[in-house]
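Engineer:
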Amino acid sequence: MNTQTICRCVVASILSVTAASWAQTSVSLGRVDYKDNCASCHGASGKGDGPVQSFLVKPPSDLTRIAQRNGGKFPQELMWEVIDGRWSGDTGPHGSREMPVWGNEFKARAMTQPSDSPRTAEWSARNRIVSLLMYLETIQQP
1 MNTQTICRCV VASILSVTAA SWAQTSVSLG RVDYKDNCAS CHGASGKGDG
51 PVQSFLVKPP SDLTRIAQRN GGKFPQELMW EVIDGRWSGD TGPHGSREMP
101 VWGNEFKARA MTQPSDSPRT AEWSARNRIV SLLMYLETIQ QP
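Heads up, the sequence shown is in this note's numbering, so the first residue is 1 and it goes up one at a time.
#1: Give the C-beta separation of K47 and D36 to the nearest angstrom, bearing in mind that I take them to be a contact with Cβ-Cβ under 8 Å.
#2: Three Cβ pairs or more, each shorter than 8 Å: is that satisfied between the stretch 51-61 and the stretch 104-115?
#3: Can the beta-carbon of S124 be found closer than 8 Å to that of A110?
#4: What are the boundary residues of the alpha helix (DSSP H) that D49 is part of?
#5: For the alpha helix (DSSP H) that contains P145, what are its first and last residues?
#6: If you follow the alpha helix (DSSP H) that A67 is in, where does it begin and where does it stop?
#7: Along the alpha helix (DSSP H) that carries R109, what are the first and last residues, could you check?
#8: For D116, collect the residues of the same chain with a Cβ closer than 7 Å to its Cβ; drop the 5 residues on either side in sequence, then sort them by chain order.
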């Protein structure tokens, strides 16, 4: 094996470990955001049985069956739109839905200082939504 092949193998190994580590970190961050922002309605296990669900007009979805309801595949793009909420055409803080518009909320939370960049806040909001999506994929049941 020549030096170039060895270097490529080392780089590939580092990248795969880094990617796996990033994915695990992202899932962990999604779990924390879920617990802090979603569990009150959707329940700790995601089954739609959170402590405030009885006060809602529309019962929260069972998030553990998203893939099952979509032919066995987790619909990332659709779920992105549902969680983000900014592109749904609804009006008001919750629009015509009871679920908060998390894209706006996460962006606002990232803009805590006058010097904070809207672009950085947008990336922060998007990263939080990605982390939530990654976590939700881990709780899917057949």
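Backbone N, C-alpha and C fix where the C-beta goes; we use that ideal spot for every residue, glycine too.
Structural biologist: In terms of the structure at hand:
#1: Counted from its first residue, the sequence shown places residue 47 at position 47. Counted from its first residue, the sequence shown places residue 36 at position 36. Cβ-Cβ separation between K47 and D36: approximately 18 Å, too far for a contact (criterion under 8 Å).
#2: no
#3: Here the question's residue 124 lines up with position 124 in the sequence shown. Here the question's residue 110 lines up with position 110 in the sequence shown. Yes, they are a contact pair.
#4: As a working mapping, residue 49 is identified with position 49 in the sequence shown. Run containing D49: none; DSSP gives neither H nor E here.
#5: As displayed, the chain neither begins before 1 nor continues past 142, which places residue 145 out of reach and without an answer.
#6: Here the question's residue 67 lines up with position 67 in the sequence shown. I66 to R69 is the extent of the alpha helix (DSSP H) around A67.
#7: Taking the sequence shown and counting its residues from 1, the one referred to as residue 109 is at position 109. Looking at the DSSP string, the run of the alpha helix (DSSP H) that includes R109 is W102 to A110.
#8: Mapped onto the sequence shown, residue 116 falls at position 116. Excluding positions up to five away in sequence, the list reads A110.
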